[in-house]
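Visitor: Input: one structure, supplied below.
Protein chains: 2
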Amino acid sequence: MILLLNYIDLKYKPSKKDLICEFYLEPNKISIEKAASNVALESSIGTWTDIATMNKRVARTLKPNVFYINKRKKIIKIAYNENLFEKGNMPEILSSIAGNIFGMSAIKNLRLMDISFPESIVKSFKGPKFGIEGIRKITKIKKRPLIGTIVKPKLGLNEKEHAKVAYDAWVGGLDIVKDDENLTSMSFNNFNKRVIETIKLRKKAEKETGKIKIYMPNVTAETNEMIKRAKFVKKHGGRYVMIDILTAGWSALQTLRNANLNLVIHAHRAGHAAFTRNEKHGISMLAIAKIARLIGADQLHIGAIVGKMTGTKHEVKDIGENIENSIIHEKGTHMLEQKWYNIKPTMAVCSGGLHPGGIPPLVKIMGNNIIMQFGGGCHGHPNGTKEGAIAIKQALEAVMSKKSLKNYSKTHKELKIALDKFGIIQ
Amino acid sequence: MILLLNYIDLKYKPSKKDLICEFYLEPNKISIEKAASNVALESSIGTWTDIATMNKRVARTLKPNVFYINKRKKIIKIAYNENLFEKGNMPEILSSIAGNIFGMSAIKNLRLMDISFPESIVKSFKGPKFGIEGIRKITKIKKRPLIGTIVKPKLGLNEKEHAKVAYDAWVGGLDIVKDDENLTSMSFNNFNKRVIETIKLRKKAEKETGKIKIYMPNVTAETNEMIKRAKFVKKHGGRYVMIDILTAGWSALQTLRNANLNLVIHAHRAGHAAFTRNEKHGISMLAIAKIARLIGADQLHIGAIVGKMTGTKHEVKDIGENIENSIIHEKGTHMLEQKWYNIKPTMAVCSGGLHPGGIPPLVKIMGNNIIMQFGGGCHGHPNGTKEGAIAIKQALEAVMSKKSLKNYSKTHKELKIALDKFGIIQ
Chain A
22 MILLLNYIDL KYKPSKKDLI CEFYLEPNKI SIEKAASNVA LESSIGTWTD
72 IATMNKRVAR TLKPNVFYIN KRKKIIKIAY NENLFEKGNM PEILSSIAGN
122 IFGMSAIKNL RLMDISFPES IVKSFKGPKF GIEGIRKITK IKKRPLIGTI
172 VKPKLGLNEK EHAKVAYDAW VGGLDIVKDD ENLTSMSFNN FNKRVIETIK
222 LRKKAEKETG KIKIYMPNVT AETNEMIKRA KFVKKHGGRY VMIDILTAGW
272 SALQTLRNAN LNLVIHAHRA GHAAFTRNEK HGISMLAIAK IARLIGADQL
322 HIGAIVGKMT GTKHEVKDIG ENIENSIIHE KGTHMLEQKW YNIKPTMAVC
372 SGGLHPGGIP PLVKIMGNNI IMQFGGGCHG HPNGTKEGAI AIKQALEAVM
422 SKKSLKNYSK THKELKIALD KFGIIQ
Chain B
22 MILLLNYIDL KYKPSKKDLI CEFYLEPNKI SIEKAASNVA LESSIGTWTD
72 IATMNKRVAR TLKPNVFYIN KRKKIIKIAY NENLFEKGNM PEILSSIAGN
122 IFGMSAIKNL RLMDISFPES IVKSFKGPKF GIEGIRKITK IKKRPLIGTI
172 VKPKLGLNEK EHAKVAYDAW VGGLDIVKDD ENLTSMSFNN FNKRVIETIK
222 LRKKAEKETG KIKIYMPNVT AETNEMIKRA KFVKKHGGRY VMIDILTAGW
272 SALQTLRNAN LNLVIHAHRA GHAAFTRNEK HGISMLAIAK IARLIGADQL
322 HIGAIVGKMT GTKHEVKDIG ENIENSIIHE KGTHMLEQKW YNIKPTMAVC
372 SGGLHPGGIP PLVKIMGNNI IMQFGGGCHG HPNGTKEGAI AIKQALEAVM
422 SKKSLKNYSK THKELKIALD KFGIIQ
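Taken in order, these protein sequences are the chains called A and B.
Be aware that the first sequence starts at 22, since it is given in this note's numbering, and climbs by one per residue.
Be aware that the second sequence starts at 22, since it is given in this note's numbering, and climbs by one per residue.
So, in structure tokens, the structure goes:
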């Protein structure tokens, strides 16, 4: 006698021990109830047909419930018992709730919009070691947004050229210099040599300016190599490492966090838009950001709103709130309740096509707890990196003292030249 | 004086030292040339504006070239100098060619269709330790496809129940038993205990049947934990491990391969369809499969054609050829030339909604060098797992002896019962 299960229960009240997922769901030639049921079973205990090996104990203790269906908006919510997941194992959790389901013939489109993690799962992860408070303590920057650059060109400079560009940016007034997401250890620019050269000039810039300066070397690699590189950074006086969390993967991010090297982890999201961009399918950037915070990214790229990449104002703002606050209240659809318990806040990084003329609207939307990273918006200054950095610093000064860029640029020529090239975003 | 670069050169002849990418590209309100140029620069050395730090040496040695544009099919091809990439570092390579580009406002849709890796990059990876030949040597199965099951329900059975289902499948005639992609170490089913119980019954089944039987325990986790689990498998007489390569990530797969534990690596692709499914955006499964082979997956899920998941006949067949052959010849669009040099072939795994009635068309399309995995198609047999396994074995016997399932089932009752439930796919 094969046991038949029903995965839909609209009267079900989610428990505090449930993990909740919200999905956008377009069925493929079947009812939304049938498709929702398929999503629920394939992401938990079921398969495409009823099976002889299912038993009542499994059904009673582990069957998830689709408890919300909005046919007009095509939104469903599923409550999963926490025991369906291995605590502290993000790949396992995602192989359930963001695994096979995207490929089922039963659905036309499916998007994981948000995940609400229960206490037991939140507490099974470490979260950021430093978080916003730790970053402000290290940098001694109390209130204002942090400003930084990415060394450009993305690839091609040798170690000394790289360090020199970083130096120019620091003495121009930027707090942070970051490697590009595709710069690791190259034939023309060796990782170890670059770290030594760049930290040497970082110390010089710190001495000359009297300020703390940050360098974020990109340790993205196979995990043993990654840890070796991170230890090299630590040994040579570095305070930060960066990693491409999606091309390296979640296991690698957790390995870096668990290594507990006392280095701030900067998370770059290269590749996310392969699955976050389509509004109807894939995984939302919000879900990705929550996962990155849970595992332990101290800083995370979430979008620039006014830059070269997609990502609407509301989307980026919501992500920022989710990674920076302690309690998230449910907000219509696409934002589930989330208590973060022991997990520190991750600092939002806004980057991608930013220039000084975009600072006022970005700070207005996102507030002061952000890091703004400028690539072309710094080195694209007609007079080069140092003046580009000065212009960015001036634009931030204008915003913090509530002056308009236009007025401020009348007495600040570096800013004037930058705005003449890049314009002002209203 | 800022250096201006041109990334389009339709007369450029790719060199053997180039990595070639084919993209499907829909521009966003600009010309395809302009959008292609944006893709080329963002995936290599450029950014959204011209920069003062670019120099002639970098441009001359590293600038990629868009050398093919098909406006009607919306296909472009880009040749990247091999020095743009760190050898042996797949996350770095992907952060270039499958990174920021998907999120650019300059494109509406962008899909990485195929990647042709040059010799230097191919040879910087280990590839499969065993490959098809190694797998056939271990299993002593010379010619026919391998058949296996996934223990179902996906989650919920305890260690002993799990081992018993595996045992039933083995004595019924299946070669392989695999953990499900979301079964790792759970509150109700501990990894170590499961491995011990299941390998114990594997040895019993081997003794009773006189055949080699395979168990593939799922070691997906943070990488140190993953390696610990893999070593536990090895210590207790296991020959295989499986990993969810996309939710764990590329760094983790490489760490597992580099650990060189003399275990066959079975790669599950849970989550791939979040970015492979949309035909216009994301990354093709073909590209993913080539990457998995390069790093070192001995076996890889590529689709079932006749099952519950999407994936057309041509697509799955092309992927199969790409991971199993030594030289791939360019074929119209979507399949670039590839020489695999020292890299062994990866065995294709067909899985997802398979049942005995699907075996004839699948083997006809894919040939004998495949592993067919049956979940519901085994345990969904009305008389349970063992008879389900017998039915699968009988269906394969029919195919190998060129008999029709319908005729063969007249004298094989387990197959008859299975076909009556699942039907026959023509």
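A virtual CB, placed ideally from N, CA and C, is assigned to each residue, including glycine.
All values derive from a computational prediction rather than experimental measurement.
What beta strand (DSSP E) runs, 3 residues minimum, are completely inside the stretch 133-214 of chain B?
Guide: Taking only runs of at least 3 residues, the beta strand (DSSP E) segments lying wholly in the stretch 133-214 of chain B are 167-171, 197-199.
Visitor: Just checking: is the beta-carbon of L178(B) within a distance shorter than 9 Å of some beta-carbon in chain A?
Guide: L178(B) counts as touching chain A.
Visitor: Find out if the Cβ-Cβ distance for the pair A369(B), M387(B) is shorter than 9 Å.
Guide: Yes. Within cutoff.
Visitor: Just mark Y362(A) as buried or exposed, buried being the case when its beta carbon has 16 or more other beta carbons within 10 Å.
Guide: Counting Cβ neighbours within 10 Å, Y362(A) comes out exposed, since fewer than 16 surround it.
Visitor: Where in the stretch 380-447 of chain A do unbroken runs of the beta strand (DSSP E), each at least 3 residues long, occur, reported from the N-terminal end onward?
Guide: Fully enclosed beta strand (DSSP E) runs of 3 or longer: 391-395.
Visitor: Exposed or buried, S116(A), counting other C-beta atoms within 10 Å across all chains shown (16 or more means buried)?
Guide: That one is buried.
Visitor: Relative to chain B, which residues along the stretch 249-260 of chain A have a C-beta separation below 7 Å, given in chain order?
Guide: Within the stretch 249-260 of chain A, no residue has a Cβ that lies closer than 7 Å to any Cβ of chain B.
Visitor: Using alpha carbons as the reference points, say which of K256(A), L440(A), M306(A) lies closest to M134(A).
Guide: Out of K256(A), L440(A), M306(A), M306(A) has the C-alpha closest to the C-alpha of M134(A).
Visitor: Establish whether the CB of H287(A) and some CB of chain B are separated by less than 9 Å.
Guide: With 9 Å as the cut-off, H287(A) does not count as an interface residue toward chain B.
Visitor: Drop a sphere of 10 angstroms on the beta-carbon of H350(A), count the other beta-carbons inside from all chains shown, and report buried for 16 or more, exposed for fewer.
Guide: By the 10 Å Cβ count, H350(A) comes out exposed.
Visitor: At a threshold of 8 Å, does N102(B) count as lining the ligand NAD (C-beta to nearest heavy atom)?
Guide: Here there are no bound small molecules, and the ligand NAD is not part of this structure.
Visitor: Three-state secondary structure (DSSP) at H322(A)?
Guide: Here H322(A) sits in strand by DSSP.
Visitor: 9 Å is my cut-off, CB to CB: does L115(B) come that close to chain A?
Guide: Chain A, which has a Cβ nearer than 9 Å to the Cβ of L115(B), makes this yes.
Visitor: Do the stretch 200-214 of chain A and the stretch 238-249 of chain B touch if we need at least three Cβ pairs shorter than 8 Å?
Guide: Result no; under three Cβ-Cβ pairs closer than 8 Å.
Visitor: Rounded to whole angstroms, what's the CA-CA distance from V254(B) to T268(B)? Just pull it up for me.
Guide: Approximately 21 Å between the Cα atoms of the pair.
Visitor: Would you mind sorting Q447(A) into buried or exposed? The rule is 16 or more other CB atoms within 10 Å of its CB.
Guide: Label assigned to Q447(A): exposed.
Visitor: Please report how far the alpha carbon of G397(B) lies from the alpha carbon of K427(B), in whole angstroms.
Guide: So the alpha carbons of these two residues sit roughly 21 Å apart.
Visitor: Can you list, in chain order, the residues of its chain whose CB lies under 8 Å from that of N404(A), leaving out five sequence neighbours each side?
Guide: Only E435, I438 meet the Cβ criterion.
Visitor: Are S145(B) and G109(B) closer than 9 Å when you measure CB to CB?
Guide: Going by C-beta atoms, S145(B) is nearer than 9 Å to G109(B).
Visitor: Here's the rule: buried if 16 or more other CB atoms are within 10 angstroms of the residue's CB, otherwise exposed. What is S58(A)?
Guide: Buried, because 16 or more other Cβ atoms sit within 10 Å of the Cβ of S58(A).
Visitor: What residues are listed by DSSP as bridge partners for K98(B)?
Guide: DSSP, once it has assigned bridges, lists E43(B), Y89(B) as partnering K98(B).
Visitor: Nearest by alpha-carbon distance to P85(A): which of N279(A), S126(A), Y33(A) is it?
Guide: When only C-alpha atoms are compared, the closest one is Y33(A).
Visitor: Measuring only between beta-carbons, confirm whether G398(A) sits less than 9 Å from chain B.
Guide: Chain B, which has a Cβ nearer than 9 Å to the Cβ of G398(A), makes this yes.
Visitor: Can you list, in chain order, the residues of the stretch 214-225 of chain B whose Cβ is nearer than 7 Å to any Cβ on chain A?
Guide: Against chain A - using a Cβ distance shorter than 7 Å - the stretch 214-225 of chain B contributes no residues.
Visitor: CB-CB under 6 Å to G193(A), same chain, minus the five flanking residues each way: which ones, in chain order?
Guide: Closer than 6 Å at Cβ, skipping near neighbours: K407, A410, I411.
Visitor: Taking Cβ-Cβ distances shorter than 8 Å, what residues in chain A pair up with N104(B)?
Guide: Ordered by position in chain A, the residues that pass the 8 Å Cβ test against N104(B) are M207, S208, F209.
Visitor: Just list the residues that DSSP pairs I264(B) with in beta bridges.
Guide: A288(B).
Visitor: Going by C-alpha distance, which of H289(B), K37(B), E47(B) is nearest E103(B)?
Guide: The option with the nearest alpha carbon to E103(B) is K37(B).
Visitor: For the stretch 365-381 of chain B and the stretch 148-157 of chain B, state whether three or more C-beta atom pairs, one from each stretch, are separated by less than 8 Å.
Guide: Yes, since at least three Cβ pairs between the stretch 365-381 of chain B and the stretch 148-157 of chain B fall closer than 8 Å, the two stretches touch.
Visitor: Can you say whether G177(A) is buried or exposed, counting buried as having 16 or more other CB atoms within 10 angstroms of its CB?
Guide: Its Cβ being crowded by 16 or more others within 10 Å, G177(A) is buried.
Visitor: Specify whether the stretch 196-209 of chain B and the stretch 419-426 of chain B touch according to this definition: at least 3 beta carbon pairs, one from each stretch, less than 8 Å apart.
Guide: Taking 8 Å as the limit for Cβ pairs, the verdict is that the stretch 419-426 of chain B does not touch the stretch 196-209 of chain B.
Visitor: With burial defined as no fewer than 16 other Cβ atoms inside 10 Å of the residue's Cβ, what is the status of A414(B): buried or exposed?
Guide: Inspection of the sequence shows that residue 414(B) is occupied by Lys rather than by Ala. Label assigned to K414(B): buried.
Visitor: Can you pull out the residues from the stretch 326-346 of chain B whose beta carbon lies closer than 7 Å to at least one beta carbon of chain A?
Guide: Within the stretch 326-346 of chain B, the qualifying residues are K329, M330, T331.
Visitor: Would you check if the distance between the CB atom of K161(B) and the CB atom of G317(B) is smaller than 9 Å?
Guide: No, the Cβ-Cβ distance between K161(B) and G317(B) is not below 9 Å.
Visitor: In the DSSP assignment, find the beta strand (DSSP E) that holds S372(A) and state where it starts and stops.
Guide: First-last of the beta strand (DSSP E) with S372(A): 368-372.
Visitor: Where in the stretch 231-285 of chain A do unbroken runs of the beta strand (DSSP E), each at least 3 residues long, occur, reported from the N-terminal end onward?
Guide: Segments of the beta strand (DSSP E) lying fully in the stretch 231-285 of chain A: 235-237, 261-265.
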